[in-house]
């Protein structure tokens with residue numbers, strides 16, 4: 013598979029690619045060339061055309077104009093099977109796993125499909141299925157057991173699904189592995205392992221194309237940066253030639269600083285007290301105080317119990333022991349609606365499946381929590397008032413679209429997240445729990461979200477940010493609680509802490525526990 | 280790295296279905312069907328020991344063939360995330376037109392050829408369904424409601440409405456060929472017909488396709504997430520044509536079995552039994568929204584429906600109550616399966 017001409021290592025080239033979706037001109041003449049064994053980082057804000065360019069390489073979309081050149085052979089478009097046949101493997105942002113098939117099948121079926129050039133009337137080579145899956149899964153750092161192989165993908169937690177999706181991409185003899193935000197739900201430890209996988213791929217002369225918002229990871233991995241803005245490639249070159257601010261400026265076309273957003277300070281008034289909260293097997297003995305106007309960060313590895321803690325406060329998976337009190341009064345939170353009644357809002361991690369009504373309009377999404385308030389005696393909704401409120405929220409959230417009638421599915425990830433956070437502004441919560449508020453969100457939207465977070469804190473709302481993104485916590489929080497193995501192991505000052513310190517705390521007690 | 284692996288797998292195990300009974304139900308939903316079936320059989324045997332006579336069992340076996348063939352077709356389509364309500368009309372159209380043709384032009388035609396023609400006709404009509412579902416991108420329920428009316432209306436309007444009481448040649452004798460025959464205590468002769476063999480053969484074939492070929496995986500994949508299936512390089516059009524064509528083939532086959540068993544070709548027959556076939560498949564653990572199910576479960580579901588249809592009379596429950604029972608079982612099974620369904624959501 014690696015019969016490369018040493019003079020010309022460029023094996024894939026895009027020439028003047030255009031793509032139009034109806035009236036939207038998503039790609040405007042993209043030229044790109046990829047060389048074997050290189051690592052590329054495709055950078056840009058949401059909606060800049062990154063995903064479209066990937067889909068054209070993967071054969072999911074035909075380009076409207078332009079050529080794709082594979083090993084010197086010119087194509088006007090690719091089918092998925094042609095692309096796979098050539099050795100282009102993609103880890104999509106939505107992971108593209110088949111939920112009802114097993115881990116083994118998801119990882120290894122593609123190999124046999126591609127071998128038969130898409131022919132379906134073949135018997136499965138089950139021994140090979142197992143062999144291929146085992147090899148690929150252990151490469152991404154999973155401990156392969158018969159149980160894991162036969163687990164149905166929909167029964168897996170998100171982070172493992174992401175690893176399974178990566179395993180699928182490397183299961184075949186690929187020449188180019190494209191990863192569309194592969195690390196969004198991975199913890200640092202898993203990211204380290206992925207970086208390892210990438211260098212192994214490189215050494216086998218495989219090219220890797222990352223699409224990511226995490227600049228920090230790009231620098232760690234190294235390689236080339238390709239920056240997109242508004243459907244065009246605006247910069248290309250070794251990533252170390254660009255500083256973070258250079259890249260942010262290239263992506264947004266405006267200046268963004270890496271400042272600390274947190275400006276205010278919490279009031280002395282206690283808002284919420286957690287006392288020895290517990291969900292058996294997930295976390296235990298979690299106690300902390302949240303003050304009015306405070307921004308509290310919570311972090312930890314994905315199995316540290318931080319996710320379950322967020323869900324317990326939100327009433328989605330209620331705690332079994334301990335107590336929560338708000339404004340000095342104990343509250344009973346056994347369901348999401350009880351949590352809302354107690355003044356607690358929750359913005360979920362997976363906004364697409366847990367938070368938004370994708371095919372409904374922006375304003376319908378924003379007023380979803382206050383329908384009862386908008387209804388007249390006879391249950392008829394006051395839509396005029398609803399739209400007024402929605403317009404107000406959109407303005408506060410700096411949504412760049414004036415049209416509140418647009419379906420949420422038409423928005424970029426960053427704008428979707430702003431709609432979701434904005435929804436809570438409609439009920440004036442006292443406490444807002446944000447779970448991964450900027451996962452898969454571009455630099456410009458992050459800025460808007462962080463400013464909103466700070467504004468809400470100024471209004472006296474107590475905010476809890478549960479996140480993996482350490483710079484995010486350091487930029488926004490007064491205090492950062494670090495969880496490990498179900499317990500709070502560190503309580504750090506947001507202004508004074510640094511990433512290393514947090515990272516040590518996250519891992520520290522794991523090692524202690526193992527010893 | 281190994282530490283990472285261990286914690287992952289623990290998380291995977293925790294997130295997966297738990298052990299014990301609920302775990303078993305989640306992993307093998309047809310277990311519920313089996314328990315239900317055994318409970319009914321035991322109850323009926325206690326009430327009326329005559330149930331365990333070979334003659335009753337043979338009756339059940341005979342009665343299962345047509346429903347079973349239909350059900351296997353429905354299972355394959357359900358697994359791919361579709362639904363079909365036109366298969367009975369396909370069966371009626373092929374069986375009646377073929378009987379007419381054979382009677383008129385080739386009364387001595389071998390039964391094997393008759394089956395082959397019926398299967399070919401069924402495949403053709405099924406492929407029409409598949410083609411429409413794929414190209415129109417309309418839910419298959421709507422398409423097959425349309426084609427059911429179309430196939431059946433065409434049959435009654437253009438081909439014929441009279442019963443054919445005298446089947447031609449081998450079509451008349453095939454239904455009487457018996458695999459084994461014996462006399463019961465009261466002197467009646469009971470026989471297990473040769474056509475019974477068709478069901479296990481087709482069941483094994485279906486199992487093999489679904490479990491051992493790439494097509495089978497593509498079918499489940501399509502039922503799990505059609506968009507992703509196309510993205511991964513599966514030819515979604517071929518899968519559509521295959522599942523509907525396969526169900527059509529089984530419907531054509533079932534139609535001929537039906538008339539040779541009844542020794543009568545009635546154009547008004549079969550249509551109207553779709554719901555109980557779909558009920559049997561769903562009772563066997565296949566989800567109506569696609570992507571799940573098994574051949575063994577489908578067969579257990581068919582047996583359950585057939586037993587309820589044929590046996591409740593033996594314990595003095597009037598036949599009008601059979602539907603109440605089937606309905607209750609469907610609700611009961613649904614309640615059991617719901618634990619699994621909550622877990623099953625698309626990985627978006």
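Protein chains in written order, with this note's numbering: chain L, 13 to 527; chain A, 280 to 627. A virtual CB, placed ideally from N, CA and C, is assigned to each residue, including glycine. Since the structure is predicted, the reported quantities are computational estimates derived from the model, not experimental observations.
Task: Distance, residue 279 of chain L Cα to residue 466 of chain L Cα - done: For this step, residue 466 of chain L is matched to residue 454 along the first chain. For this step, residue 279 of chain L is matched to residue 267 along the first chain. When rounded, the distance between both Cα atoms is 14 Å.
Task: Beta-bridge partners of residue 505 of chain L, as assigned by DSSP - done: The residue you call residue 505 of chain L lines up with position 493 of the first chain. Answer is L/491.
Open item on the list: For residue 373 of chain A, would you say it is in contact with chain L, using Cβ-to-Cβ distances shorter than 7 Å as the test?
Closed with: Locating residue 373 of chain A in the second chain gives position 94, counting from the first residue. With 7 Å as the cut-off, residue 373 of chain A does not count as an interface residue toward chain L.
TODO: Could you name the residues that DSSP lists as bridge partners for residue 287 of chain L?
DONE: Taking the first residue of the first chain as 1, we reach residue 287 of chain L at position 275. Looking at the DSSP assignment, residue 287 of chain L forms a beta bridge with L/335.
Open item on the list: At a threshold of 6 Å, does residue 104 of chain L count as lining the ligand PLP (C-beta to nearest heavy atom)?
Closed with: In terms of ligand content, the structure shown is empty, and the ligand PLP therefore cannot be addressed.
Task: residue 311 of chain L (DSSP reduced to helix, strand or coil) - done: As a first step, residue 311 of chain L is located in the first chain; it is residue number 299 there, counting from the start. If DSSP states are grouped into helix, strand and coil, residue 311 of chain L belongs with the strands.
Open item on the list: Helix, strand or coil for residue 6 of chain L? Go by DSSP, reduced to three states.
Closed with: Residue numbering for chain L in the displayed model covers 13 to 527; residue 6 of chain L lies beyond these limits and cannot be assessed.
- [ ] At 7 Å on the CB atoms, spell out the chain A contacts of residue 93 of chain L, in chain order.
- [x] On the first chain, position 81 is the one that residue 93 of chain L refers to. Ordered by position in chain A, the residues that pass the 7 Å Cβ test against residue 93 of chain L are 512.
Open item on the list: Cβ closer than 9 Å: which chain L residues qualify as neighbours of residue 492 of chain A?
Closed with: Counting from one through the second chain, the residue named residue 492 of chain A turns up at place 213. The answer, in chain order, is 132, 133, 134, 135 and 136.
TODO: Output the distance between the C-alpha atoms of residue 462 of chain A and residue 353 of chain A, rounded to the nearest integer angstrom.
DONE: Here residue 462 of chain A refers to the residue found at position 183 when the second chain is read from its first residue. Here residue 353 of chain A refers to the residue found at position 74 when the second chain is read from its first residue. Cα to Cα, residue 462 of chain A sits roughly 37 Å from residue 353 of chain A.
- [ ] Measure from the alpha carbon of residue 602 of chain A to the alpha carbon of each residue in A/613, A/554 and A/560, then state which is nearest.
- [x] What you label residue 602 of chain A is simply residue 323 of the second chain in a count that begins at 1. Taking only the C-alpha atoms, the option nearest residue 602 of chain A is A/554.
Task: C-alpha gap between residue 91 of chain L and residue 64 of chain L, whole angstroms - done: Taking the first chain and counting its residues from 1, the one referred to as residue 91 of chain L is at position 79. Taking the first chain and counting its residues from 1, the one referred to as residue 64 of chain L is at position 52. Distance between the alpha carbons of residue 91 of chain L and residue 64 of chain L is about 15 Å.
Open item on the list: With a threshold of 7 Å between beta carbons, is residue 345 of chain L in contact with chain A?
Closed with: The residue given as residue 345 of chain L occupies position 333 in the first chain. Not one chain A Cβ lies under 7 Å of residue 345 of chain L.
Open item on the list: Quick test of the definition: if touching needs 3 or more C-beta pairs under 8 Å, does the region 388 to 396 of chain A touch the region 510 to 527 of chain A?
Closed with: no
Task: Backbone CA spacing between residue 342 of chain L and residue 414 of chain A [nearest angstrom] - done: Along the first chain, read from residue 1 onward, the residue named residue 342 of chain L stands at position 330. Along the second chain, read from residue 1 onward, the residue named residue 414 of chain A stands at position 135. Going by the C-alpha atoms only, they are around 59 Å apart.
Task: Contact with chain L by residue 290 of chain A, beta-carbon distance below 7 Å - done: Sequence index remark: in the second chain, residue 290 of chain A carries index 11 (1-based). At residue 290 of chain A, the pLDDT of 42 sits below 50, so the modelled position is not reliable; the number obtained from the coordinates is stated separately. At least one chain L Cβ lies under 7 Å of residue 290 of chain A.
Open item on the list: Does chain A have any CB closer than 7 Å to the CB of residue 377 of chain L?
Closed with: The sequence position of residue 377 of chain L within the first chain is 365, counting from 1. Output row for residue 377 of chain L: interface = no.
Task: Span of the alpha helix (DSSP H) around residue 105 of chain L - done: Here residue 105 of chain L is taken as the residue at index 93 of the first chain, counted from 1. No alpha helix (DSSP H) contains residue 105 of chain L, which DSSP labels as neither H nor E.
Open item on the list: Let's see if you can read the secondary structure: which residues bound the beta strand (DSSP E) around residue 430 of chain A?
Closed with: For the purposes of this step, residue 430 of chain A is taken as residue 151 along the second chain, with counting starting at 1. First-last for residue 430 of chain A: 419 to 433, but that is the alpha helix (DSSP H), not the beta strand (DSSP E).
Open item on the list: Determine whether the beta carbon atoms of residue 337 of chain L and residue 370 of chain L lie at a separation below 7 Å.
Closed with: Within the first chain, the letter at position 325 stands for residue 337 of chain L. Within the first chain, the letter at position 358 stands for residue 370 of chain L. Going by C-beta atoms, residue 337 of chain L is not nearer than 7 Å to residue 370 of chain L.
- [ ] Kindly indicate if chain A contains any beta-carbon less than 7 Å away from that of residue 125 of chain L.
- [x] Taking the first chain and counting its residues from 1, one reaches residue 125 of chain L at position 113. Yes - at least one Cβ of chain A is within 7 Å of the one on residue 125 of chain L.
Task: Validate contact between the region 157 to 173 of chain L and the region 108 to 119 of chain L using beta carbons, cut 8 Å, 3 pairs - done: yes
Open item on the list: Could you compute how far the alpha carbon of residue 12 of chain L sits from the alpha carbon of residue 363 of chain L?
Closed with: Outside the shown range of chain L, which is 13 to 527, sits residue 12 of chain L, and nothing can be said about it.
- [ ] Check the DSSP bridge columns for residue 457 of chain A and list the partner residues they point to.
- [x] To locate residue 457 of chain A, count along the second chain from 1; it is residue 178. A/472, per the DSSP bridge assignment.
Task: Partner residues on chain L for residue 508 of chain A, Cβ-Cβ distance less than 8 Å - done: Walking along the second chain from the start, residue 508 of chain A turns up at place 229. 110, listed in chain order.
Open item on the list: Residues of chain A with CB closer than 8 Å to the CB of residue 122 of chain L, please, in chain order.
Closed with: For this step, residue 122 of chain L is matched to residue 110 along the first chain. Those within 8 Å of residue 122 of chain L in chain A are 511 and 512.
Task: residue 381 of chain L - DSSP class collapsed to helix/strand/coil - done: Indexing the first chain from 1 puts residue 381 of chain L at position 369. In this structure, residue 381 of chain L counts as coil in the three-state DSSP scheme.
TODO: Use the C-beta contact count for residue 407 of chain L: other C-beta atoms within 10 angstroms, 16 or more gives buried, fewer gives exposed.
DONE: Position 395 of the first chain, counted from the first residue, corresponds to residue 407 of chain L. Residue 407 of chain L should be labelled exposed.
TODO: For residue 419 of chain A, count neighbouring Cβ atoms within 10 angstroms of its own Cβ and tell me buried if that reaches 16, exposed if not.
DONE: In the second chain, counting from the first residue as 1, residue 419 of chain A sits at position 140. Counting Cβ neighbours within 10 Å, residue 419 of chain A comes out buried, since at least 16 surround it.
Open item on the list: Against chain A, with Cβ distances strictly below 7 Å, would residue 519 of chain L count as a contact?
Closed with: As a position in the first chain, residue 519 of chain L is number 507, starting the count at 1. It does not; no Cβ of chain A falls within 7 Å.
- [ ] Report the neighbours of residue 571 of chain A on chain L: residues whose CB is nearer than 8 Å to its CB, in chain order.
- [x] In the second chain, the residue the question calls residue 571 of chain A occupies position 292. Those within 8 Å of residue 571 of chain A in chain L are 112.
TODO: Can you have a look at residue 526 of chain L and say buried or exposed, based on whether 16 or more other CB atoms are within 10 angstroms of its CB?
DONE: For the purposes of this step, residue 526 of chain L is taken as residue 514 along the first chain, with counting starting at 1. Low confidence applies to residue 526 of chain L: its pLDDT is 37, below 50, so where it sits in the model is not reliable enough to give any reading.
- [ ] Measure from the C-beta of residue 72 of chain L to each C-beta in chain A and report whether the shortest distance is under 7 Å.
- [x] For the purposes of this step, residue 72 of chain L is taken as the residue at position 60 of the first chain. Interface residue, yes.
Task: Contacts around residue 503 of chain L, its chain only, beta-carbon distance under 7 Å, and the 5 residues preceding and following it disregarded - done: To locate residue 503 of chain L, count along the first chain from 1; it is residue 491. Within the same chain, residue 503 of chain L has close Cβ partners 491 and 493.
TODO: Give the DSSP bridge partners of residue 496 of chain L, in chain order.
DONE: The residue given as residue 496 of chain L occupies position 484 in the first chain. Paired residue(s): L/499.
Task: Cβ contact (3+ pairs, closer than 8 Å) linking the region 504 to 521 of chain A and the region 363 to 379 of chain A - done: no
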